[in-house]
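Worksheet: the structure to be examined is printed underneath.
Residue numbers (mature numbering (1 follows the signal peptide of the UniProt record, and there is no 0)): -24 to -1, 1 to 104.
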């Protein structure tokens, strides 16, 4: 994995886990932070659209791999590390698909193939 993508993946993981700090963000360009934040917000909004009250859920983490094209189109989404619940894993994939397409990623993130490959833990909640 290219160094710039590794930084984005780690930063995205910190962001999703609520542990982002100034030091982790310092090496990431502002346009990258903004793009990743917008992607995460869009996926989280899609995940929360199921109508299940927050107090009726328990937290779950799904490790995802998302491939986004230069045009912002979702090229692939897969579960890299399962949550232990097939339903939760499927909800994570559905949330990403529902949120797509995304804004075009910053050029600095693109691979030679013209995609961005993100791997990160996604915090979801599962119905009790």
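The beta-carbon is built from N, C-alpha and C at its ideal position, and this holds for glycine as well.
For residue 6, the three-state secondary structure derived from DSSP is helix. The beta carbon of residue 71 sits closer than 7 angstroms to the beta carbons of 19, 22 and 23 from its chain, once the five residues preceding and following it are set aside; these are given in chain order.
Taking the Cα of residue 37 as reference, the smallest distance to any Cα among 76, 57 and 53 is reached at 57.
Between the stretch 59 to 67 and the stretch 78 to 97 there are fewer than three inter-stretch CB-CB distances shorter than 8 angstroms, so the stretches are not counted as touching.
The three-state secondary structure of residue 95, taken from DSSP, is strand. Judged by DSSP in its simplified three-state form, residue 39 adopts strand.
Boundaries cannot be given for residue 61, as no beta strand (DSSP E) includes it and DSSP labels it neither H nor E. Rounded to whole angstroms, the Cβ separation of residue 77 and residue 50 is 6 angstroms, and the two are in contact under 8 angstroms.
Per DSSP, the beta bridge partners of residue 54 are 41. Cα atoms of residue 10 and residue 48: separation of roughly 14 angstroms, rounded to the nearest angstrom.
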